[in-house]
Structure formats: structure tokens, C-alpha cells
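Right, one structure below, let's go through it.
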Amino acid sequence: MAETINMPKLGFDMAEGVLVRWVKQVGENINKGDVLAEIETDKATVEVESPAGGVVLQLIVNQGDVVPVNAPIAVVGASGEKVDAKPTADNRPQTASSPPSQPTVAPVSSTVSTPQASSIVEGQSSLVKASPLAKKIARDNNINLSAVQGSGPNGRITRKDVESSLISGQPSAVSRQSVPAAVVVSHEDETIQLTKLRQAIARRMTESKTTLPHFYVTHEYKMDAVMAMRKQANEYLPENEKLSVNDFIIKAVALALREFPNLNATFAGDKVVRHGAVNVGVAVAVTGGLLTVVNKNTDQLPLRQISADVKQKVARARDGKVKPDDIEGSTFSISNLGMYDVENFIAIVNPPEAAILAVGSAREVPVVENGEIKVGWRMKASISVDHRVSDGAEAAQFMQALAGFLETPVRMLV
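Quick note, the sequence shown lines up with residues 72 to 485 if you use our numbering.
Printed below as a string of C-alpha cells:
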């Protein structure tokens, strides 16, 4: 019997999504668990797996449509089955060319107009038919969409069309403008429409800073033992499996949280919910914002498995192909800016979690030990905590416990 597949709810606050691309077409065989489509939410572009197997009998919505959660998007069944599923009046998808109303953004200059949600590179026609993702890629790379040949329905420009244009070296909208050398160009103010991801970050971080009373504790860690153990371990690992400093930090955090379950928790009005699982989220910089990928049951996994899992999920996040399970369920987060030569910083708690750890660079610096100056590896980290859940003394003790694992890393292996 044919099964209707609906727009999934990929996150507790998701109300709608953009169907970016159909991976399977009508008439193709599909197994349960195969990727059916790519859907853009306010967090990321997510690969959606089919909950049923058989043949794709009908695609109810078009690529680029904005579809409410639980609205029908496709029908899968046995070959030859007759179906005619249509969206109901209440769940009828909107096309990307007529997006839901957005909050009005006032221009910063009277000479600059505010672009609409479908804004494209300056000089391009607003009538160009293109998917939201194609427009975003074009905008990010200054590609003139009016010069791109669309391969989608009715000549609609898709992501692949824009990427092909990039590969072929199509001149950008900016490069087409002839600017004489040695001439000073006056740059006008530019107003950029926020992406769904950026809007979600703005909403959640504002909520966090205005409703959660934050406090912060910073600790400096001796990293000599971790650096030595990492070097020794990596001598026995293939290039694509080598351990990072962050892998050791993730494992150490998970073990320390077992000793301090109050920080692996959620504030719930008149009570605190201490989570049974330790699922460590790792912040990942992606185009246009930030995502948190989640390593599940981190305290129970060996370092090598943590490293492999995080690498895979980070790669999918940066490719825009995360799975729902990649970004859901974290109980504590880590934001590491060490690769950018950052000494220390503080992060905003990611609701509904109670705390987040901000990690700086591990550096070789002059240190004093036993009255002598020598060179040593040091790293600073700061924990941000919801004061409704915990207090300064507990956070400081957690940071000391974390030092016990990072400064004696063999404890993470036994």
C-alpha cells in the first residue's frame, strides 16, 4: 500500500522547511533509509531519509517550495499503484518566489534599499527564477544569475547550475564592472538579508543572554602531557584518523561531567533535569553561521571513535548535508577557537543546556616551575554557566576536575 511521506520536524522549533533538492525522482526505486530529499531548515541543509521502501510514485512539492512541517511531500509505494495525493488547503506549500513575510529591516542609508528574502547580486534581475540555495551561493560568490542557464523546471536555476558556472569561470557581477586602476572607489552601505540559520542564531542567542543569568570561570591548563600523548598516538594512526587536541578535550569534558552531573543538565522552572546521557556538542563554523554537531554517549566512547564520529559530522555540516541526528540532543557544548590563535574568550550558553566551554589555543609559552623558567604548553578555557542551575564554586571544581584529565591524559584511556 502506498505511503505518503510528510515534511519532517527536524528540531523542536522548526515550523517549515525549504525543499532544496529531490535526490530520488518519480519511478526510481528507494529503500527504507535511503536519502529522499535535501531540506533547508533554519539550522542547516539536511538529508532526509525515506521512512518507507518501494518506488517513488509522486513528488507532491517542487524544488524550492517552502513546506510546513507535516505537510505531504511525496508518495512511495509498489510499482504501478495509482495515487493522486495533493496538499490540503491548510498545508499547501508556498513557493520560494512568494516567501512568508519577513520582519521589515530598516535600511542603514536613505540611498540603499532593503533587499527582499530572494535578494541576489546587485544588478541582477529580481525576476530570475532560482532556488533559495542557488541564490545564496550566487550571492556569496558574486555570480550574476541572469547569465546562468537553468536546468530545473521551467528553466529554474538550481544549486548545480551555479556551481557549474563557478567551475567554468563565469565572470562575477563585480568583475563585469570596469574600474580604472588607481581610482578610489566609494563604497555604499550594503544591507544583507539574514539567512534562516543566521535568524535562528540571532533568536536563540538573544533568548539565552536575556533570559539566562550567565557567569564565567576561566582556568589555565598544562597541556604538555596531552601534546606528548597525541604525538605518540598519531605515529600509529593513518593520516585520516589522526587525533586532534580537541578530541582529547571532548573526552576529558565528558568524563568530568560524570563527576558534575549538575552541569550536564537543563533548567526546568522549579526543577533541574540532570541528563542520564553525556552528549557533547561541538560548535562548527559553516557558511553564514554556526552549527553544533553532537557526539552521543561521549563518556563511554574511546578517543579514536569520538574522533571519527566528530570528523564525519563536521564534514557533513560544512558540506551542507547534515542528518537530523547529527545536530540534535546535545547536553553540553564546546566551542573551540584554538585554530585561530585565540588566547581565550567566553561563549553564550546554548539553550536548553546549562553550560558551554570556550577553548583557546594550546601554546608554547614561558612558564615557571620549581623556581625555574622553562618552555611549556598551556591552554586557557572558560566555562559559561546558567546561574539558575549552578554556582561559581561548582564550576571552578569542574574546571579543576577537567585539569585532572587533561594533565594526566592516561586516565582517559583506562
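Ideal Cβ placement from N, Cα and C applies to all residues, glycine included.
Where does G431 sit, in a helix, a strand or coil, going by DSSP? strand
Compare the beta carbon distance of V460 and R449 with 8 Å and say whether it is the shorter of the two. no
Less than 7 Å between C-beta atoms, sequence neighbours within five positions excluded: which residues of the same chain meet that for E118? V106, E109, K392 and K394
Tell me which same chain residues have a C-beta within less than 6 Å of the C-beta of K313, skipping the five on either side of it? N305
Simplified DSSP assignment, three categories, for G463: helix
Going by the CB atoms, is the gap between A429 and V456 shorter than 8 Å? no
By the DSSP assignment, the beta strand (DSSP E) with R375 in it spans what residues? Counting along the chain, R375 falls outside any beta strand (DSSP E), though it belongs to the alpha helix (DSSP H) covering L374 to R389.
Whole-Å CB distance - I417 paired with S453, under 8 Å assumed: 5 Å
Report the rounded CA-to-CA distance for I405 versus A323, giving the unit in angstroms. 11 Å
Looking at V381 and N366, is the spacing between their C-beta atoms short of 8 Å? yes
If you count every other CB in all the chains shown that lies within 10 Å of the CB of M72, and 16 or more means buried, which is it? exposed
As assigned by DSSP and simplified to three states, the class of I419: coil
How about V297 and F319: are their beta carbons less than 8 Å apart? yes
Boundaries of the alpha helix (DSSP H) in which N219 is found, first to last residue: Reading the sequence as shown, one finds Val at residue 219 and not Asn. Unbroken run through V219: none, as it is neither H nor E.
What's the gap between the Cα of A356 and the Cα of E152? 45 Å
Local conformation of N366 per DSSP, three classes: strand
Which same chain residues end up closer than 7 Å to S236 when comparing Cβ atoms and leaving out the 5 residues on each side of it in sequence? I214 and V219
Under three-state DSSP, which class holds D457? strand
Is it buried or exposed, L372, if we count other Cβ atoms within 10 angstroms and call 16 or more buried? buried
Cβ-Cβ separation, V413 to S432 (assumed contact under 8 Å), whole Å: 6 Å
Which residues bound the alpha helix (DSSP H) around I272? K267 to T282
Excluding the five sequence neighbours on either side, which residues of its own chain have a C-beta within less than 6 Å of the C-beta of N335, listed in chain order? L328, H346, V349, T402 and F403
Which word fits Q471, buried or exposed, when buried means at least 16 other C-beta atoms lie within 10 angstroms of its C-beta? exposed
Check whether the Cβ atoms of Q134 and V146 lie closer than 8 Å to each other. no
Backbone CA spacing between D462 and V351 [nearest angstrom]: 21 Å
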